[in-house]
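Trainee:
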Amino acid sequence: MESSTHPQNPNTMASMYSSSLEALQLPFENLHLFDNSSLSLNASSTGVFPDPQRNHGLGFSRVGSFRSCLDYFTGESMNMGSSMFDNVNWFNSFSNVSPGFQPIFSLDSEYSYGYSYWVIDMAKTEEGSKDLQKLLSNSTNNNMIFSWVFDFIVELMIDQSGRYLFQKLIESADETQLQMILEKLLVPHNYIYYASRLKYGSCSIKKLITVLEKSPLITSVIKALSDNFEKLMMDPIGHYVIFECLDVLDSQTNDPLNIQAMKHCLELVRHEQGSVSMSGFVTRIKGPRRDQLLKLISRNSAFLAQDPTGNYVVQCVIRLQNPAMNDQIFRNLEGYYVKLSTTKTGSYVVEHCLLSSGLDRVINELLRSDRLVSVAKDRYGNYVVQTALKESKKREISLHGSLVVKLEQHLNCLQHGYGRNVVSVLRSLQ
């Protein structure tokens with residue numbers, strides 16, 4: 001349970017908390033993975049999202065309608081137009097407040113803490129959130145609303161309507177307030193990680209990353225994310241927060257994330273969501289770590305090409321058209337092109353090779369093989385042969401001719417099943 005005690009010194013931020021991958025036995029003949037043995041693989045922490053709880057035992061009998069309170073404390077009518085506050089009168093009229101009542105809006109004020117429950121409930125409604133955002137126009141209102149919502153900032157940021165007030169609040173917050181918010185999100189629980197895995201919480205964290213882009217406080221956010229990198233990359237929502245860092249921040253700031261990507265790459269690409277996330281990571285990563293990550297994937301391409309999910313990352317690297325990386329991939333796949341062509345996952349990789357600078361290597365291996373006809377008649381392989389015919393016709397006419405001659409020797413065998421697709425392409429290219 002989250003403590004309801006306010007910080008005694010809000011201007012001081014608490015200090016932030018500060019296995020090698022085993023070789024995988026390949027079912028694909030004698031292939032094995034190459035990892036970065038110097039980089040340890042630390043498991044991410046686990047846990048359930050701690051649910052912020054509130055004590056509603058404080059009395060509100062001396063508080064009037066919310067609109068009246070705002071007008072009183074700001075010294076002016078807010079003129080916010082018709083809103084839900086006009087129809088809410090939960091407590092006694094503000095005119096009944098005793099003459100000696102002197103509200104003080106500070107983090108240590110019991111009255112401020114009392115109003116917090118009310119304001120949070122309002123912020124979690126569409127109209128209430130909009131009206132509170134309109135108040136964030138000057139520093140006095142900013143400080144007042146900050147004092148009201150601070151203790152329940154997590155509850156606010158993960159709510160469908162409350163997140164908009166959170167995002168507006170951090171835009172107008174000063175460095176000290178942002179520091180206090182970060183402390184609240186990191187101690188004693190890593191709420192940044194938990195919120196990143198929630199639909200609305202992830203939006204709030206992405207906004208926080210944008211706001212802190214030029215602030216030294218961003219390093220605390222990156223650390224919180226990198227400590228749980230693998231879990232976030234395997235999460236259908238959480239990986240978008242990682243992408244936000246790559247899109248907004250520079251490579252030096254993102255270096256802890258890049259290191260984690262290299263550590264966990266070979267596990268992530270073999271996970272359904274992790275493979276999709278790593279493909280997105282590969283296209284976004286910048287700086288010197290980029291080539292290191294691409295080399296790691298290229299080096300293991302022969303294994304990943306026949307993996308149900310890993311093949312997508314290999315395709316992604318080939319599409320980047322990096323000559324050095326692609327050359328290594330094509331060399332690693334030599335001797336496997338024919339076999340890969342007859343598997344669902346591998347055939348996609350071989351087609352990508354044909355569509356790039358690996359065309360010569362693939363077709364030469366097909367021509368040398370005595371299984372060309374079997375590949376052409378295969379449910380997956382026929383697509384590889386069709387692509388080989390079309391691409392060689394445009395780019396390597398000599399190889400195209402050799403391929404046509406060898407296939408025409410077996411036209412009778414190709415007249416049935418999937419082979420008919422290859423015959424159709426042969427005739428269309430004549």
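If you count the sequence shown from 1, position 388 lands on 388 in full-length UniProt numbering, and the numbers rise without skipping.
Don't be surprised by glycine CBs; every beta carbon is placed ideally from N, CA and C.
The structure displayed is predicted, hence computed values, not measured ones.
Could you spell out where the alpha helix (DSSP H) holding residue 344 opens and where it closes?
Mentor: From DSSP, the alpha helix (DSSP H) with residue 344 extends over 344-354.
Trainee: Could you check how far apart the C-beta atoms of residue 257 and residue 242 are, in whole angstroms? I think they sit under 8 Å.
Mentor: With 8 Å as the limit, residue 257 and residue 242 qualify as a contact, their Cβ atoms being about 6 Å apart.
Trainee: For residue 340, name the three-state secondary structure that DSSP assigns.
Mentor: Reduced to three states, the DSSP call for residue 340 is helix.
Trainee: Determine the closest residue to residue 429 out of 182, 386, 412, with distance taken between C-alpha atoms.
Mentor: Ranking 182, 386, 412 by Cα distance to residue 429 puts 386 first.
Trainee: Going by beta carbon distance, what residues of the same chain come within less than 7 Å of residue 211, once the five residues before and after it are set aside?
Mentor: Result list for residue 211: 170, 171, in chain order.
Trainee: What residue from 375, 391, 250 has the CA that sits closest to residue 413's CA?
Mentor: Among 375, 391, 250, the Cα nearest to that of residue 413 is on 375.
Trainee: Could you check how far apart the C-beta atoms of residue 184 and residue 153 are, in whole angstroms? I think they sit under 8 Å.
Mentor: Right, the Cβ-Cβ distance comes to about 5 Å (below 8 Å), so this counts as a contact.
Trainee: Please report the straight-line C-alpha distance between residue 297 and residue 144, rounded to a whole angstrom.
Mentor: Near 52 Å, if we compare the C-alpha coordinates of residue 144 and residue 297.
Trainee: Quick check on residue 155: buried or exposed, where buried means 16 or more other Cβ atoms within 10 Å of its Cβ?
Mentor: Counting Cβ neighbours within 10 Å, residue 155 comes out buried, since at least 16 surround it.
Trainee: Just mark residue 131 as buried or exposed, buried being the case when its beta carbon has 16 or more other beta carbons within 10 Å.
Mentor: The residue in question, residue 131, is buried, as its Cβ has 16 or more Cβ neighbours within 10 Å.
Trainee: Would you kindly check if the distance between the Cβ of residue 422 and the Cβ of residue 407 is under 8 Å?
Mentor: Yes, the Cβ-Cβ distance between residue 407 and residue 422 is below 8 Å.
Trainee: Considering only the alpha carbon of each residue, which of 291, 342, 402 lies closest to residue 322?
Mentor: Answer by Cα proximity: 291.
Trainee: State buried or exposed for residue 442, treating a residue as buried only when at least 16 other CB atoms are found within 10 Å of its CB.
Mentor: Nothing in the structure corresponds to residue 442, since the chain is present only between 1 and 430.
Trainee: Taking Cβ positions, are residue 268 and residue 230 nearer each other than 8 Å?
Mentor: Yes. Within cutoff.
Trainee: I'd like to check one pair, residue 182 with residue 135: are the Cβ atoms closer than 8 Å?
Mentor: Cβ atoms of residue 135 and residue 182: not closer than 8 Å.
Trainee: Find the nearest neighbour of residue 315 within the set 188, 355, 285, 289, judged by alpha-carbon distance.
Mentor: The residue with the shortest Cα to Cα distance from residue 315 is 355.
Trainee: Put residue 323 into one of helix, strand or coil per three-state DSSP.
Mentor: Helix at residue 323.
Trainee: Identify every run of the alpha helix (DSSP H) within the UniProt repeat "Pumilio" (148-183), keeping only runs that are complete inside it and at least 4 residues long; order them along the chain.
Mentor: Runs found: 153-157, 162-172.
Trainee: Between residue 418 and residue 367, what straight-line distance do the alpha-carbon atoms span, to the nearest angstrom?
Mentor: Distance between the alpha carbons of residue 418 and residue 367 is about 19 Å.
Trainee: Which stretch, first to last residue, makes up the alpha helix (DSSP H) that contains residue 395?
Mentor: 381-395 is the span of the alpha helix (DSSP H), which, as asked, contains residue 395.
Trainee: Going by the beta-carbon positions, is the gap between residue 270 and residue 235 smaller than 8 Å?
Mentor: No, Cβ-Cβ distance for residue 270 and residue 235 is not below 8 Å.
Trainee: Would you identify the three-state DSSP class for residue 285, choosing helix, strand or coil?
Mentor: In this structure, residue 285 counts as coil in the three-state DSSP scheme.
Trainee: My assumption, with CB atoms under 8 Å, is that residue 146 sits in contact with residue 177. Please give the rounded CB distance.
Mentor: Yes, residue 146 and residue 177 are in contact; Cβ-Cβ is about 6 Å, under 8 Å.
Trainee: What is the DSSP secondary structure of residue 421, reduced to helix, strand or coil?
Mentor: Residue 421 falls in the helix class under three-state DSSP.
Trainee: Rounded to whole angstroms, what is the Cα-Cα separation between residue 226 and residue 416?
Mentor: The straight-line gap from Cα to Cα measures roughly 54 Å.
Trainee: With burial defined as no fewer than 16 other Cβ atoms inside 10 Å of the residue's Cβ, what is the status of residue 138: buried or exposed?
Mentor: So residue 138 ends up on the exposed side.
Trainee: Can you tell me which of the three DSSP states residue 271 falls into?
Mentor: Note: residue 271 maps to coil in three-state DSSP.
Trainee: Can the beta-carbon of residue 285 be found closer than 8 Å to that of residue 246?
Mentor: It is a contact, given that the beta carbons lie within the stated cut-off.
Trainee: In terms of residue numbering, what span does the alpha helix (DSSP H) encompassing residue 411 cover?
Mentor: 411-414 is the span of the alpha helix (DSSP H), which, as asked, contains residue 411.
Trainee: Does residue 291 come out as helix, strand or coil in the three-state DSSP assignment?
Mentor: Three-state DSSP puts residue 291 in a helix.
Trainee: Leaving aside the five residues before and after residue 278 along the sequence, list all residues of the same chain whose C-beta is less than 6 Å from its C-beta, in chain order.
Mentor: So the list reads 268, 269, 313, once near-sequence residues are dropped.
Trainee: Assuming residue 201 and residue 157 are in contact, meaning their beta carbons sit under 8 Å apart, how far apart are those beta carbons, in whole angstroms?
Mentor: With a Cβ gap of about 6 Å, residue 201 and residue 157 count as contacting.
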